[in-house]
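Beneath this line is the structure, given in structure tokens, with notes to follow.
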Amino acid sequence: MSTLEQALKRSNKLFVDGIFIEKLTSLVKIVTDSKNSHRVEDLVDYYTKGLSNILADLGIQTDIVDNPIKSSPPFLIGSRMESPEFKTILIYGHGDTVPLQVEEWHEGISPSELKIIDDKIYGRGVADNKGQHLINLLALHSVLKTRKKLGFNLKIIFEMGEEIGSPGLFELCQEYKDYFKSDVLIASDGPRVAIDVPTIFLGSRGALNFELEVKYRVGAHHSGNWGGVLKDPGIRLSHALSTIADKNGKILIDNWKPTSLTADIKERLNLLPAIISEVLDIDENWGEPGLSPNEKLFGWNSFSILALKSGDIDVPVNAIQPSAKALCQLRFVVGTKTNEVISSLRDHLDKHDFSDVKIISENAINFEASRTDLNNIWLQKVESILEEFYGDKIHVIPNLAGSLPNNCFTDILEIPTIWIPHSYKECSQHAPNEHLPIDLLKDSLLLMTNLYWNLGVSDHNH
């Protein structure tokens, strides 16, 4: 009789025999920088040369479908239907990455060539997201090869545009809503709260980018000849920004504050360990007063200035600049009036005598905030299975502090979302030297093998 123990041994053997590393190497080797790819074919290679054999081994019938948004990368969708009586699990992953940043990696490391140093695996996409969805696919494979069935139906969505805002995913879910009909999404992205404790998150904060610009004239003018009689756009913009958030980062626009930091959310967040980092000092007094760091990060909104420009800082000249610009971002949780963010900002700036500050938002990348309810039965099932395997309480957070297209699944497909990350905060995702520890990958593979096995054989799927 096939057993869970056999499935776990099969997964462990993937590391012992080097198969996991071999497969991850082949995925990382395919360059999938969605921000700089000028040929859709380069991104499609990830489907046809990277994932095709893995998905075929799982008996998944796949199809590459055009993106509803012109000139955006296509999607890979598929299904494995075992029984109409079984529950259906949807899995998601993205094969695209941020730019390689080749010249900035440690000496001897190439971002498109997997390298192991001090029990850490380096390569672009190892953490975000190639390594994470490979774990889930191979865990499914171990269950299938051991039991000869999954014990649930499986549907998949893979995209190659998550790093550029997931263009077309929302529309795809609308168009293929019947095809994607499922009971739950179980996927992996982002970091754990603590590297040695499994984490579940139920959604993500949203992100809205916009520009603020002050422009008075064409061309710069000598600061000696004109200083004191020409308005300085840099000074005006700086003062405008200071009305949006105070000197300690507290948001000053009331309509930008959420209404969703309820008692049950606070209770969950207070169970988490204090935020710590090996490389960063946490600024306890930054942000909304009266909230804990976990409440600020997972339960509140934050305003950031991503870039500022007035003149050339590298080659300054003695001149009053004609314009100044700031690229800004609001990260927001569920309970924020997102359709009023820009209009509230306009009203706020006008009220503070900054009608000369122009808001440019039409090119914003916008992920909506969304999350599954803490009382959802799928959370209870998955949390119970993970805790039994781990042997202790795991970490559950209402939403990831970062952003991802969770709302496509909760709002369009109308299914609960369970995210189980296999990364950690110091993985250097979106930066040079992206990596994951081998032990974390191995533990995650065993964790997911156990989860899929138990979802397939228990009463959870009947």
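For the sequence shown, the numbering used here gives the first residue as 212, with consecutive numbering after it. Just so it is clear, CB atoms sit at the ideal spot from N, CA and C, and this is done for glycine as well. As the structure is a prediction and not an experimental result, all values here were calculated from the model.
(message) What does the alpha-carbon distance come out to for the pair Arg416 and Leu463?
(response) 19 Å
(message) Is the separation between the beta-carbon of Thr547 and that of Thr583 shorter than 8 Å?
(response) no
(request) Thinking Leu590 and Ile411 are a contact (beta carbons under 8 Å), I'd like their distance in whole angstroms, please. (result) 7 Å
(request) Have a look at Leu396 and Ala418 and give me their C-alpha separation to the nearest angstrom. (result) 21 Å
(message) Can you tell me where the beta strand (DSSP E) holding Trp630 begins and where it ends?
(response) 628 to 630
(message) Please report the distance separating the alpha-carbon of Ser513 from that of Asp268.
(response) 44 Å
(message) Could you compute how far the alpha carbon of Asp228 sits from the alpha carbon of Lys234?
(response) 12 Å
(message) By alpha-carbon positions, which one of Asn665, Gly667, Asp654 ends up nearest to Ser222?
(response) Asp654
(message) At a cut-off of 7 Å, would you count Val354 as near the ligand FMN, judging by its Cβ distance to the nearest heavy atom?
(response) Ligands displayed in this structure: none; no statement on the ligand FMN is therefore possible.
(request) Please classify Lys246: does DSSP put it in a helix, a strand, or coil? (result) coil
(request) Assign Val425 to one of three DSSP states: helix, strand, or coil. (result) strand
(request) Kindly list the residues whose CB is nearer than 7 Å to the CB of Trp437, restricted to its own chain and excluding five residues on each side of it in sequence; keep chain order. (result) Ile531
(request) Assign Leu254 to one of two classes, buried (16 or more other C-beta atoms within 10 Å of its C-beta) or exposed (fewer than that). (result) buried
(request) Step through the CB atoms of chain D and report whether any lies within less than 8 Å of the CB of Lys246. (result) Structure shown: chain D not included; a single protein chain is present.
(request) Per DSSP, which residues does Gln540 bridge with? Please list them. (result) Asn420, Ser515
(request) Give the single residue among Asp394, Ala456, Asn661, Ile631 whose Cα lies nearest to the Cα of Glu599. (result) Asn661
(request) Apply the 10 Å Cβ neighbour rule to Thr470 and answer buried if 16 or more other Cβ atoms are within range, or exposed otherwise. (result) exposed
(message) Please report the distance separating the alpha-carbon of Arg358 from that of Leu225.
(response) 17 Å
(request) Identify the continuous alpha helix (DSSP H) that holds Asp253 and give its terminal residues. (result) 251 to 256
(request) Give a yes or no on whether the C-beta atoms belonging to Leu262 and Phe421 are separated by under 8 Å. (result) no
(message) When you compare the stretch 389 to 408 with the stretch 295 to 305, are there three or more beta-carbon pairs, one atom per stretch, that lie closer than 8 Å?
(response) yes
(message) For Lys366 and Leu448, what's the separation of their Cα atoms in angstroms?
(response) 49 Å
(message) Just to confirm the assignment, what range does the alpha helix (DSSP H) spanning Val607 have?
(response) Taken as a continuous stretch (DSSP letters only), Val607 belongs to no alpha helix (DSSP H), being part of the beta strand (DSSP E) at 606 to 608.
(request) State the start and end residues of the unbroken beta strand (DSSP E) segment that holds Leu365. (result) 364 to 370
(request) Per DSSP, which residues does Arg447 bridge with? Please list them. (result) Answer is none; Arg447 lacks a bridge partner.
(request) Put Ile265 into one of helix, strand or coil per three-state DSSP. (result) helix
(message) Would the stretch 330 to 340 count as touching the stretch 635 to 651 if we require 3 or more Cβ pairs under 8 Å?
(response) yes
(message) Need the endpoints of the alpha helix (DSSP H) that Ala350 sits in, please.
(response) 341 to 358
(request) Could you check the C-alpha separation between Asn672 and Lys246 for me, to the nearest Å? (result) Residue confidence is low: Asn672 scores 43 on pLDDT, short of 50, so the model does not pin down where it sits. Its coordinate-derived value is still stated next. Roughly 40 Å separates the two Cα atoms.
(message) Relative to the C-alpha of Lys477, which candidate in Trp630, Val607, Lys388 has its C-alpha closest?
(response) Val607
(request) Quick one: measure Cβ to Cβ for Ser521 and Gly445, integer angstroms, because I've assumed they're closer than 8 Å. (result) 4 Å
(request) With DSSP as the reference, label Gln272 as helix, strand or coil. (result) strand
(request) Closer than 7 Å by C-beta to Ala405: which residues in its own chain qualify, once you throw out the five before and the five after it? Chain order, please. (result) Pro484, His606
(message) Would Leu615 and Gly342 qualify as a contact pair, given that the criterion is a beta-carbon distance under 8 Å?
(response) no
(message) Beta-carbon within less than 8 Å of Asp330's beta-carbon, same chain only, minus the 5 sequence neighbours each way: which residues are those?
(response) Pro648, Ile649, Asp650
(message) Taking its Cβ as the centre, do 16 or more other Cβ atoms sit within 10 Å of Trp497, making it buried, or is it exposed?
(response) exposed
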